[in-house]
Amino acid sequence: MNINISNLSPYFALIVGNSRLHWGYFKTDKLQITWDTPHLSKPITTNKLPKHLLLPQLPDDLPVYFASVVFSQTQLWETYPKIKIITQVHIPLQKLYPTLGIDRALAVLGAGKTYGFPCLVIDVGTALTFTGVDGDQALVGGAILPGLRLQFKSLANNTAALSEEVLPMSLPILWGTTTSEAIQSGIVHAILAGIKTFIKDWLEKFSDSQVIITGGDSQQVITYLKDNNYDFLDKLKQDSNLVFWGTREVFSLCIINNGTKIKA
19 MNINISNLSP YFALIVGNSR LHWGYFKTDK LQITWDTPHL SKPITTNKLP
69 KHLLLPQLPD DLPVYFASVV FSQTQLWETY PKIKIITQVH IPLQKLYPTL
119 GIDRALAVLG AGKTYGFPCL VIDVGTALTF TGVDGDQALV GGAILPGLRL
169 QFKSLANNTA ALSEEVLPMS LPILWGTTTS EAIQSGIVHA ILAGIKTFIK
219 DWLEKFSDSQ VIITGGDSQQ VITYLKDNNY DFLDKLKQDS NLVFWGTREV
269 FSLCIINNGT KIKA
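To convert, take the position in the sequence shown, counting from 1, and add 18; that gives this note's numbering.
What follows is the structure, given as structure tokens:
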């Protein structure tokens, strides 16, 4: 059965991250707008979405295609009648291990469908994650470590004499001459060294691969990498909407092409 995309009903894509809700509004299968909100604080008890989570011009009764890495948030959202919970069974990638975060799976799916496989996704958010998929659309593997802001916060919260530093706008000097400079240097340069290691190794394995950086601090990391003038910069792309491209692909497979249905 052929479905006219122009006749498709609009919907929300909702990705529950560790610290925020990430929203996307789709109409005729095109992403119209994105925004972030705080987590939901109580269950939804009506067939309407809470107004404070939506932009003023948007309807409050649309289907929500939902992916979450926060179980407590999933429980609160399950009461919404038009919730469609995305799980690994809906992700058309091979060799996914059971505990792989659905946000990582959606991001690398979105990256591959947008920029081609193989691809490496570096998500710079609360956590810094690396997720690689080969040309056969099979997961190669990845890594997880604390993100930039979490490292700054952790150092401030767990030491007596160090205050929380802000993320520097430009690449910090390597050899800091104040405590603030030393903290910024240590965190930023150590993370960049790790990113460089993963990218170099990945490109040795998959020289034709694209490397896509996403997440809340992705633009800042791109700036740092450019300041370092690494030789792989031509392979890098920045795209904040990878999880939404992945959600759109799942929607297409499940709704348009009659794949595995997404149940409420």
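Here a beta-carbon is modelled for each residue, glycine too, at the ideal position from N, C-alpha and C.
Query: Can you list, in chain order, the residues of its chain whose CB lies under 7 angstroms from that of Q256, leaving out five sequence neighbours each side?; Result: I231, S236, Q237, I240
Query: Quick one: what's S362 bridged to in DSSP?; Result: Lying before the first or after the last residue shown, residue 362 is absent from the chain, which here runs from 19 to 282.
Query: Would you kindly report the start and end of the unbroken beta strand (DSSP E) that includes Y43?; Result: 39-45
Query: With three or more C-beta pairs closer than 8 angstroms as the rule, is the segment 145-152 touching the segment 118-135?; Result: yes
Query: Starting from W53 and walking both ways along the beta strand (DSSP E), at which residues does that stretch end?; Result: 48-55
Query: Suppose you measure from the CA of L173 to the CA of T64; what does that come to, to the nearest Å?; Result: 42 angstroms
Query: I'd like the span of the alpha helix (DSSP H) that includes A208, first residue to last.; Result: 197-223
Query: Buried or exposed: which applies to S227, given that a residue is buried once 16 or more other Cβ atoms fall within 10 Å of its Cβ?; Result: buried
Query: Can you give me the C-alpha to C-alpha distance between F170 and I273, rounded to a whole angstrom?; Result: 43 angstroms
Query: Sorted by chain position, which residues of the same chain lie with C-beta nearer than 8 angstroms to I191's C-beta, five sequence neighbours on each side aside?; Result: E199, S203
Query: Quick one: what does DSSP say F250 is sitting in, helix, strand or coil?; Result: coil
Query: What are the start and end residues of the alpha helix (DSSP H) that includes G160?; Result: Where G160 is concerned, there is no enclosing alpha helix (DSSP H), although the beta strand (DSSP E) it sits in stretches over 157-164.
Query: Hey, out of P61, L166, L39, whose CA is closest to M187's CA?; Result: L166
Query: Where in the segment 97-124 do unbroken runs of the beta strand (DSSP E), each at least 3 residues long, occur, reported from the N-terminal end onward?; Result: 101-103
Query: Pick helix, strand or coil for L138, following the three-state DSSP scheme.; Result: strand
Query: Determine the closest residue to K102 out of V142, D54, W41, A31, with distance taken between C-alpha atoms.; Result: A31
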